[in-house]
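Please read the structure below before turning to the comments.
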Ligand code: SIN
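Numbering (our numbering), first residue to last: 38 to 592.
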């Protein structure tokens, strides 16, 4: 079945919906999402959105903090754009009805929180569930718009790419790939649909599920990264995986984050014996940059052999804690932890991909008519380490950039015909039914890959572990390639393939970077090497093929 839209938006988080609302002013928009429309990374963002809104703050200070966090790899023009656009984008969300916590007077219109690495209070928030508040407001606006159609339970399989020859007269002077939409599995009907579009936007979020422990929801399987890579796009900086220092450590708490805002309100990290250890690691103590705090916790846990550390906020007033952190308070209480009395057991977990699909300042990828926005993109804002709460801001600013660029080209695009669409996919599973024995192949590979990434490509890396990871990953990919193609198409299989692709790309980037910078810490190259490595790590299909061909047994 074929659908034609002006814009195809893949992902229903803040990036996709912000773009859709702008795009719908000129054209028709399809928003596709593989699960429920609210099941996005945005929905789980607790802390908030960083922006210069306080009387003691300035653009220069926010720019400086972002650059320090990024450790030499931020693109300064992008940082400047994002920071300066912040207040306008926040006001748009306010005008749509987002219930941000308000400040005390006109000079301080918002209650601004503090997170690691920020030199001022600048986090606009809706209590401790900012993402949920933003997501609901944007979904309501998108659903009310006559030009926007939302397709739930639609999983993107691959992009539709047309290969064009650019000619001067009758001579082809170069070849260019152009994105014309995507092949999409309608999961409920078990039917593959062709969505044709004049511009396609990838905003599929992150890939936290590539690691055993993550703060991310189950949907974070790196789909956008994998499909962009397969289509031939350039990706960058995938070695910079941000580990959030404080995820709840409890057997029944799956992926639950304890927001950095808790440390912003005075929470301190303690070891099992009650010793505050962050002063041993950085003058900013518990509010140091995330890479420093996560590595400090990792070091303490290795030193003591303890399974977790503790985050203590019990010195703050009970009513304040219940009011400021209602979500965290309730979740912990449901597991028998009263945060007003008990220190919270926490561990680091994979949280955010600072790298992604390489884009320019307009959100354009290296493929014509393909844009990437949000966590799946690498715009140059985060560099080697993202400053806390800069990501929702980046998503809004780049959605705005991409929408403007698309709007200016839309009429021109409408004049052109779509090419013939090749049929690329086999039969989906009959009613999603796959045999149990086949499911075991999928879940086994899924488990070993996530454990491998956690143990060998985690917070602290070495050359040996990375080489071993590359070898084991090659085996896993081989098993997927040799034994899984006969399984009928289904979401678990597609997600496994995507995750495996992303894992391989993370390893590839981590092996390439022979230094330690920001979130990439390699004990065999502990220093920064500005002369050789003050640059992005760029990968495309060809680089990875070269690297993998050096493994014995790989063609
Ligand atoms: C948090 O609330 O700690 C997460 C905020 C972020 O990742 O920017």
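Yeah, the Cβ is synthetic: ideal placement off N, Cα and C, and Gly gets one too.
Asked, Found
"Buried or exposed: where does residue 439 fall if 16 or more other Cβ atoms within 10 Å of its Cβ makes it buried?", "buried"
"Nearest CA to the CA of residue 394: which residue from 488, 350, 267?", "267"
"Can you tell which of 560, 67, 401, 434 has its C-alpha closest to the C-alpha of residue 272?", "401"
"What do you get for residue 451, buried or exposed, if any count of 16 or more other CB atoms within 10 angstroms of its CB means buried?", "exposed"
"Just list the residues that DSSP pairs residue 559 with in beta bridges.", "498"
"Classify residue 553 as buried or exposed, calling it buried when 16 or more other Cβ atoms lie within 10 Å of its own Cβ.", "buried"
"So, are the CB atoms of residue 498 and residue 547 less than 8 Å apart?", "yes"
"Give the straight-line distance between the Cα atoms of residue 156 and residue 179, rounded to the nearest whole angstrom.", "36 Å"
"If you follow the beta strand (DSSP E) that residue 531 is in, where does it begin and where does it stop?", "Not the beta strand (DSSP E): residue 531 falls in the alpha helix (DSSP H), residues 528-549."
"Please give the ranges of any beta strand (DSSP E) in the stretch 329-415, keeping only runs that are unbroken, at least 3 residues long and fully inside the region.", "346-349, 381-390, 393-395, 407-409"
"Can you tell me whether residue 310 is buried or exposed, with buried defined as 16 or more other CB within 10 angstroms of its CB?", "exposed"
"Helix or strand or just coil, what does DSSP make of residue 240?", "coil"
"Any heavy atom of the ligand SIN within a distance shorter than 7 Å of the CB on residue 419?", "no"
"Is residue 166 near the ligand SIN, going by C-beta to nearest heavy atom under 7 Å?", "no"
"Taking the alpha-carbon positions, what's the residue 152 to residue 102 distance?", "11 Å"
"Return helix, strand or coil for residue 97, following the three-state DSSP convention.", "helix"
"Would you identify the three-state DSSP class for residue 213, choosing helix, strand or coil?", "strand"
"Quick check on residue 226: does DSSP put it in helix, strand or coil?", "coil"
"Less than 6 Å between C-beta atoms, sequence neighbours within five positions excluded: which residues of the same chain meet that for residue 215?", "199, 201, 405, 406"
"Short of 8 Å in beta carbon distance, which residues of its chain neighbour residue 520, apart from the five on each side in sequence? Order them along the chain.", "478"
"For residue 39, which residues does DSSP report across the bridge?", "231"
"What did DSSP end up calling residue 250 once you bin it into helix, strand or coil?", "coil"
"Within 10 angstroms of its Cβ, does residue 563 collect 16 or more other Cβ (buried), or is it exposed?", "exposed"
"Check whether the Cβ of residue 294 sits closer than 7 Å to any heavy atom of the ligand SIN, and report yes or no.", "yes"
"What residues are listed by DSSP as bridge partners for residue 191?", "223"
"Could you tell me which of 339, 66, 361, 81 sits nearest to residue 24, measuring between CA atoms?", "Only positions 38 to 592 of the chain appear in this structure, which leaves residue 24 out of reach."
"Taking the CB atoms as reference points, tell me whether residue 259 and residue 533 lie closer together than 8 Å.", "no"
"Can you give the Cα-Cα distance for residue 161 and residue 475, rounded to whole angstroms?", "47 Å"
"In or out: residue 538 buried (at least 16 other Cβ within 10 Å) or exposed?", "buried"
"From residue 148 to residue 349, what does the alpha carbon distance come to, in whole angstroms?", "23 Å"
"Would you tell me roughly how many angstroms separate the C-alpha atoms of residue 288 and residue 253, rounded to the nearest one?", "16 Å"
"In the DSSP assignment, what are the bridge partners of residue 149?", "161"
"Could you give the distance in angstroms between the alpha-carbon of residue 83 and the alpha-carbon of residue 449?", "41 Å"
"What's the C-alpha gap between residue 140 and residue 396?", "36 Å"
"Checking 8 Å against the spacing of the C-beta atoms, do residue 307 and residue 298 come in under that value?", "no"
"For the ligand SIN, is there any heavy atom lying closer than 7 Å to the beta carbon of residue 297?", "yes"
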